[in-house]
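Structure first, then comments.
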Ligand code: HEM
Ligand SMILES: Nc1ncnc2c1ncn2[C@@H]1O[C@H](COP(=O)(O)OP(=O)(O)OP(=O)(O)O)[C@@H](O)[C@H]1O
Ligand SMILES: Nc1ncnc2c1ncn2[C@@H]1O[C@H](COP(=O)(O)OP(=O)(O)OP(=O)(O)O)[C@@H](O)[C@H]1O
Ligand SMILES: [Mg+2]
Ligand SMILES: [Mg+2]
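Protein chains in written order, with this note's numbering: chain A, 23 to 262; chain B, 3 to 213; chain C, 3 to 213; chain D, 1233 to 1437; chain E, 1233 to 1437.
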């Protein structure tokens, strides 16, 4: 599958229908998940209605990390097998991941104000999530600061791989530090500790975020490939 | 290896004292800015030693490889018999000897000036030494990745600071006397990981920088 | 004059963002190092904004004239029709616009992050702006005197930091909300004096640097 | 005629008993020469002889150990000369055009001046950052300083370094034209530049 | 005989269909040439033609747009060549001797090597900081890299820049001697260096 798509020509063919498909899927999942989460799911017995922030916060947090892991994989492929499409994929995913991280931070701090009584604390998880957000920004800034695209791709890939180390830190920060933020209750060894009635909307929203990521990334990649084709044509023109 | 390291030490030694002056100046300014309240200094001071150290390293990073790139000595390094990773590691170790070690030692008077308890000075110096190694390992990558870039300075800060966070958190814990043993262990881990992986990533980046 | 100033602005604009990243990074590290104790941050934080700003300026000074000396553009400046004092002043003003002003503005979020009361943000930004002018005026002299020197970095720190003390003391008073009026007046005085005398001394030093 | 030779009537450069030392070593002693309007003085000498040091002393950057340098008819000699040293004086991340406008302000270009990139063979490069220029292109850009604002005395340190044959010819033509206008050119060279020098000084023993 | 020409039997450098672009502009396309042991290849071309870019591509610093560069008989081409670029690769506050010892370590000088300052006309300057060297002296110091450790292929970018007549002759002699030993020299020049090139390539259209 991957090696099949590694050809830009075939990728363009595939993404021509896959990108809109993901977009439609995201739309449908949001259309189902948002009302479910906001109106038809139970309020928490402790937190009341504010718990509904969770349905945005948690998927955003998951996919902020997930997108970074995806970029890590793509960067590795780009570095080792010199694959242009992998470089483009990593670059295309980054803004989406940055936005997810930003959404996680904003919803988290909106949620923190009523429940913890503070917008922001320098606790382990919050800090490492902020670090992830900054790493995203640094990655994007590096990419745009280097003029030569191929060089930019390699340098950014190196940075991305180095930044992977932050993911386990975010994941386990709640266990390593004694903190405000609650420890994992869904994805943990020994089964989920969350009420099943919350699980449905949460997973739907997680699916919606994933589909959104897929759609945006594919569209970004297509745009990048079109731009490169135009530039390559100009270069050929200048040489002749 | 040691031979080359010593060479690199002299080589990279252009601005050895600068970060030291920077560091001592910074810690000198703290009491001025905070006023002479002892209690405040006592709790805020020791962590500030860490911040000053991190900033002193940060300030040296921008020119670390950029100078080599501009004056053509990076090209020569690429033609060397020794693997580039080893040369970068040597540069990192030289930087640690030239900047990290003096800063860690200067941490003693600085910590005293900032009212850290005297019996804690020993661990503070050790932890600073470890932390500097971690900063430098990460800093090598930031410096290498941004070497040819127009606005290198901000980029380095942006890239490197998220990675500076863990050593600072645990280092300040040591300085504040909390969970010293565990924090020292984590700092050692950070330092080793940074010095092991940093040069590899930095060398890969430098290879791309010669244009 | 304005014409030349704008030119100098573009000219000196190489590393505009670097100090900003440095400053914001520094203020971000503070709470990491000090731990999340709110009370401590509240009293220690605002003065730290000043220290971070001073260090950010200090970090830009080393290369301020050294780059001009190395690449031969200082020679051209000496052949200019405009008096060197005016050119140095223009460089100082450009530095203030490019570094000082952004830093002063960045002081607002930084002060908030360090738990300064919201109603005090206005004066903090104004006082930072004045303080940056004072730092830059003094910094020009330090940078000019050490431009051709082997170990410029420490020297600048040594020369410049004693003169940074008064603005920092009064600026931190503003940030802490003590005697704001008087402190602002003194800061204005510092800024004017530094900008008036700094370029004269710096120009005299630069004339000797072309060898 | 006088419009064509604006510098003609003023006298020019006189050096008397000049002696220069660098790092505690005397490079040369008791050098004397004079150049009047329209003269092209060629400086020759081995590497390390002191050509650059002499030119820097003439420009006022280096204090001689002894001797006098006079620019007759000029109160402020620094305002009467252009200096092209070994270094080009370029900022890597600044465009060619921005350099030239900066110099125009610095040296006081006359009203109606034009960006002289065409004349040094850099047509179409005005927006290029100078770090993307080749060595010879950078040297050509540095030479535009001579054309941005007219100044009587040109002190040139190996002006044709890194230039190709066309570039050397161009430098020769610039010098010849300047001398014809009554300017004075003092140039350190390792190889003749084209126009016949009116005097050749050998620096060093 | 074979001791005098240590590189003789190995084949050397081959370039096939090379095409180089800088900043979105193609400098040249489809360049091919080969040089065997003992050859001196001269690169000519106007300023900005692409001589430096070609040499950097040969050294492996610059990735060509298309084409192949082969160093026959060498697994690790970077270890088989010396590169002297436009910049000298000197640190201003480090002494000449320290530079040379550093290079000796970097390039793997054979045991019993000697500091070759005499051979480039810098005798007695080993303790000088390089910022106190004149332009030509600095270039000579950079050239000592060629002598510290023997390498088969020399890529030289205007090696005689800033050198006086004696210096140019010295560079010519170094090249001739290296070719005689079976080395390969590729040098970009604006003026002939002395030894007759075995081939002259003109870069650019
Ligand atoms: C700016 C502040 C916050 C940040 C940066 C943040 C960050 C994160 C991250 C990164 C995760 C994913 C963890 C994982 O999958 O292992 C997460 C999950 C979660 N967060 Fe937050 N959070 C913030 C504030 C809050 C607040 C205020 C609450 C509620 C009081 C909250 C409740 C949760 C819950 C319930 C989860 C799911 C935990 C799980 O089952 O894994 N967060 N948050
Ligand atoms: N700062 C310095 N300290 C000590 N000696 C110096 C210094 N600068 C130059 N010298 C020495 O002064 C002498 C003259 O240098 P100068 O640069 O004037 O020579 P030059 O004739 O221009 O040589 P080149 O042809 O190589 O450019 C040289 O021997 C040089 O080593
Ligand atoms: N980084 C870059 N970005 C864009 N263009 C570049 C870059 N570097 C070089 N160039 C252009 O590539 C061309 C070739 O440059 P190169 O330095 O190879 O020329 P050269 O033949 O060595 O010239 P010279 O004789 O002046 O040294 C020039 O036109 C130059 O402007
Ligand atoms: Mg000279
Ligand atoms: Mg060239």
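The beta carbon of each residue, even a glycine, is placed where N, CA and C say it ideally should be.
Mind checking whether the beta-carbon of residue i lies closer than 7 Å to any heavy atom of ligand 2?
i	result
residue 242 of chain A	no
residue 1368 of chain E	yes
residue 1358 of chain E	no
residue 180 of chain C	no
residue 1231 of chain D	The requested residue 1231 of chain D is not part of the displayed model; chain D covers only 1233 to 1437.
residue 1271 of chain E	no
Relative to ligand 3, is the shortest distance from any of its heavy atoms to the C-beta of residue i smaller than 7 Å?
i	result
residue 1435 of chain E	yes
residue 1279 of chain E	yes
residue 1254 of chain E	yes
residue 1376 of chain E	no
residue 1285 of chain E	yes
residue 1365 of chain D	yes
Throw me the rounded Cβ distance for the residue i and residue j pair, which I believe falls under 8 Å.
i	j	result
residue 1415 of chain E	residue 1396 of chain E	Not confirmed; about 25 Å, so no contact.
residue 237 of chain A	residue 112 of chain A	17 Å between Cβ atoms; not a contact.
residue 52 of chain C	residue 35 of chain B	5 Å
residue 123 of chain C	residue 176 of chain C	That pair is no contact at about 11 Å.
residue 62 of chain B	residue 101 of chain B	6 Å
residue 192 of chain A	residue 150 of chain A	4 Å
residue 173 of chain B	residue 189 of chain B	6 Å
Should residue i go down as buried or exposed, given a rule of 16 or more other Cβ atoms within 10 Å for buried?
i	result
residue 249 of chain A	exposed
residue 62 of chain A	exposed
residue 1257 of chain E	exposed
residue 70 of chain C	buried
residue 1234 of chain E	Low per-residue confidence applies at residue 1234 of chain E: pLDDT is 41, beneath 50, and the placement is therefore not dependable, though the value from the model is reported in the following sentence. By the 10 Å Cβ count, residue 1234 of chain E comes out exposed.
residue 1390 of chain E	buried
residue 1431 of chain D	exposed
residue 221 of chain A	exposed
residue 210 of chain B	buried
residue 1406 of chain E	buried
residue 1346 of chain D	exposed
residue 28 of chain B	buried
residue 1264 of chain E	exposed
residue 145 of chain A	buried
Going by CA-CA distance only, name the one from the options that's closest to residue i.
i	options	result
residue 150 of chain C	C:74, C:23, C:34 and C:133	C:74
residue 165 of chain B	B:143, B:177, B:183 and B:178	B:143
residue 81 of chain C	D:1274, D:1377, D:1405 and D:1365	D:1377
residue 23 of chain C	C:33, C:32 and C:58	C:58
residue 171 of chain A	A:60, A:35, A:79 and A:247	A:247
residue 140 of chain B	B:129, B:72, B:62 and B:199	B:199
residue 1360 of chain E	D:1254, D:1249 and D:1353	D:1254
residue 116 of chain A	A:132, A:107, A:235 and A:253	A:235
residue 94 of chain B	B:205, B:184 and B:187	B:205
residue 201 of chain C	C:168, C:145, C:186 and C:158	C:145
residue 100 of chain A	A:245, A:218, A:190 and A:178	A:178
residue 156 of chain A	B:138, B:148, B:157 and B:132	B:157
Regarding residue i and ligand 7, is the C-beta to nearest heavy atom distance less than 7 Å?
i	result
residue 1389 of chain D	Among the ligands modelled here, namely ligand 1, ligand 2, ligand 3, ligand 4 and ligand 5, ligand 7 does not occur.
Shorter than 7 Å, the distance from the beta carbon of residue i to the closest heavy atom of ligand 4, or not?
i	result
residue 1331 of chain D	no
Examine ligand 5 and report whether any of its heavy atoms sits within less than 7 Å of the Cβ of residue i.
i	result
residue 1422 of chain E	no
Would the beta-carbon of residue i be found less than 7 Å away from any heavy atom of ligand 1?
i	result
residue 80 of chain A	yes
residue 22 of chain A	Outside the displayed range of chain A (23 to 262) lies residue 22 of chain A, so it cannot be described from this structure.
Alpha helix (DSSP H) runs contained entirely in the segment 1379–1434 of chain D, provided each spans 4 or more residues | DSSP runs (the alpha helix (DSSP H)) wholly in the segment 1379–1434 of chain D: 1397–1412.
Start-end ranges of the alpha helix (DSSP H) lying completely within the segment 76–157 of chain A, minimum 4 residues | 76–103 and 106–137
Of all the alpha helix (DSSP H) runs that stay within the bounds of the segment 66–93 of chain B, which reach a length of 4 or more residues?
-> 75–80
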